[in-house]
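As structure tokens, the structure follows; a few thoughts come after it.
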Amino acid sequence: MISARSAYRWCVHRSPLALAALSTLAVPGLDVHHVLPVPGPDGFDCAVAIDSESRRWVVRAPSTAAAGAALEAEAAFLAGLEAHVDSGLLPFVVPRPAGFVALPDGGRAVVYEEPPGHPVKVHRLQPGPGMAASVGRAVAALHELPVSLVEASGHPTYSAEEYRQRRLSEVDEAAKTGRVPATLLRRWERSLEDVSVWRFRPTITHTALCPENVLVQAGQVSALTDFFEVQVGDPADDLAWLLVSATQEAADSLMEAYQIRRTELIDPHLVDRALLASELALARWLLHGVRNDAPDVVEDAVGMLKDLDRAATEVGAFSVASAGWDDPAPESHETPAPASDETADEEPDELPDEEPYAVPDYERVMPRPLGDVATTSYSVVGQDAPGPAETGDEPAGDEPGRSAEHDGNEDGSRET
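Numbered according to mature numbering (1 follows the signal peptide of the UniProt record, and there is no 0), the sequence shown spans residues -20 to -1, 1 to 396.
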């Protein structure tokens, strides 16, 4: 086994064909016919290798020491999850590494079969016992796992007070930039200084939930992926993106299912902290831009902070201090009409693709740059060019790992 501390002599990037070659070393007998470049977490080169039986394998190789350490920690956590998936305690699957291969510059690449499903569209979830409830149950099931899984894998663990102090430090650092509206700072500080809001039982949290790592199929959550930032902390973090992206009616269904699935949940301020976390994500996006000397990110964050300040001032949107979760939605927040028959057949628990209420785009502020990746498919070892089923050019729907939105533009193929 290669230690997570193995040194990287330089930042190494690998082509899709190089990743395909690594996959055959990691999984003996794997017969790769085609390979597709795909976006992935920052610090990784990623591809999907398609074998002779049209099975799709995710290949990830870290390009930095930090990414290599994150991969090793995630692998340890995923190993601990296997028994919980097999027993049915988790109502979804997680990546199962099929093999690793040592890299010459340090660390290891990992290969696993692509989990089933397509990225969830939270803003299109319909209220009721369908997909919205499934998302709530999936998050609750993760939060019910024993925290020893995180402790054993070397990920961080925080008490409720430690987590509150971390949030306070973030707000203090954001305030020093001089770019956060004073009204937001005052509201955040009031919420963070109210210790009654921060009395909660820490749980395992994914911490970086987003459409790309919450996969759905046949109206249910089919898989969760990308556990690089898993920790023991505030369960509200995993609800933040969901609550501000869904309509209030769908969020009610999600939270009802979440609360039913949780045992001994006594946390009257869970939603308050989730909404606060969604606002603080903008501050973290600002700090991400400042720390990385990225003026475009800074200006993006400043613009969203101004939008949030204006929305909170005008209608109290997503404000812990000025708006309760049960308050009626503003008039401009209209629930879209029910899905058409065609949309219902494809994604029965999602609404038509309309813009939600105009508040800052929470999905956009997470510091996980994916980049624009070309979707050219490469043929391997002289095989014929792949057909649509192999390149991923299938209609959007519940096929594993496929959707028009997920797979990008039409891709050509070439032989090598």
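Here a beta-carbon is modelled for each residue, glycine too, at the ideal position from N, C-alpha and C.
- Residue state for Leu204 is assigned as strand, using DSSP reduced to three classes.
- Between Leu285 and Ala263, the C-beta gap is smaller than 9 Å, which places the two residues in contact.
- The segment 49 to 61 makes contact with the segment 197 to 215, as at least three CB pairs between them are under 8 Å.
- For Leu5, the closest alpha carbon among the candidates Ala29, His135, Gly20 is that of Ala29.
- Around the CB of Lys156, fewer than 16 other CB atoms lie within 10 Å, so the residue is classed as exposed.
- Spanning the alpha carbons of Leu219 and Ser67 requires a straight line of approximately 25 Å.
- The beta carbons of Pro(-5) and Leu10 sit about 15 Å from each other, so the pair does not count as a contact at 8 Å.
- Asp273 counts as exposed, since fewer than 16 other beta carbons sit within 10 angstroms of its beta carbon.
- Taking C-beta separations shorter than 7 Å and ignoring five residues to either side along the sequence, the partners of Asn193 in its chain run Leu204, Thr205, Asp206, following chain order.
- In this structure the segment 75 to 85 does not lie against the segment 170 to 185, because fewer than three pairs of beta carbons, one per stretch, are closer than 8 Å.
- Going by beta carbons, Ala140 and Trp178 fall inside the 9 Å limit.
- About 6 Å separates the Cβ atoms of Pro99 and Leu195, confirming a contact at the 8 Å cut-off.
- The three-state reading of DSSP puts Val127 in coil, since its state is none of H, G, I, E or B.
- Around the beta carbon of His103, 16 or more other beta carbons sit within 10 angstroms, so the residue counts as buried.
- With respect to the 9 Å criterion, Gly97 and Val201 are classified as neighbours on the basis of their beta carbons.
- Take the alpha-carbon of Pro21 and the one of Thr137: they are about 22 Å apart.
- Following the DSSP letters along the chain, one finds His64 inside the alpha helix (DSSP H) bounded by residues 45 to 66.
- Under the DSSP assignment, Leu16 falls outside any alpha helix (DSSP H), being part of the beta strand (DSSP E) whose first and last residues are 12 to 17.
- One thing to note: Ser171 has its Cβ within 9 Å of the Cβ of Leu256.
- Residue burial is scored here from C-beta neighbours: Arg144 has at least 16 other C-beta atoms within 10 angstroms and is therefore classed as buried.
- Listed as beta-bridge partners of Ile30 by DSSP are His14, Arg36.
- When only Cα atoms are considered, Thr243 and Glu124 end up about 8 Å apart.
- Residues Glu150, Glu153, Ala154, Thr157 of the same chain have their beta carbon placed closer than 8 Å to that of Leu267, with the five preceding and five following residues left out of the count.
- Going by DSSP, Pro95 is part of no beta strand (DSSP E) at all; its letter is neither H nor E.
- Comparing C-alpha distances from Gly87 to each of Tyr238, Ala45, Asp287 shows the shortest one belongs to Ala45.
- Taking C-beta atoms under 8 Å as the contact rule, Gly116 and Ala237 qualify, at a distance of about 3 Å.
- Here Gln106 carries a coil assignment [DSSP, helix/strand/coil].
- Taking the Cα positions, Cys26 is about 18 Å away from Pro191.
- Within the segment 152 to 233, the complete beta strand (DSSP E) segments of 3 residues or longer fall at 183 to 185, 194 to 197, 200 to 204, 211 to 213, listed in chain order.
- Per the DSSP secondary-structure output, Gly79 pairs in a beta bridge with Val91.
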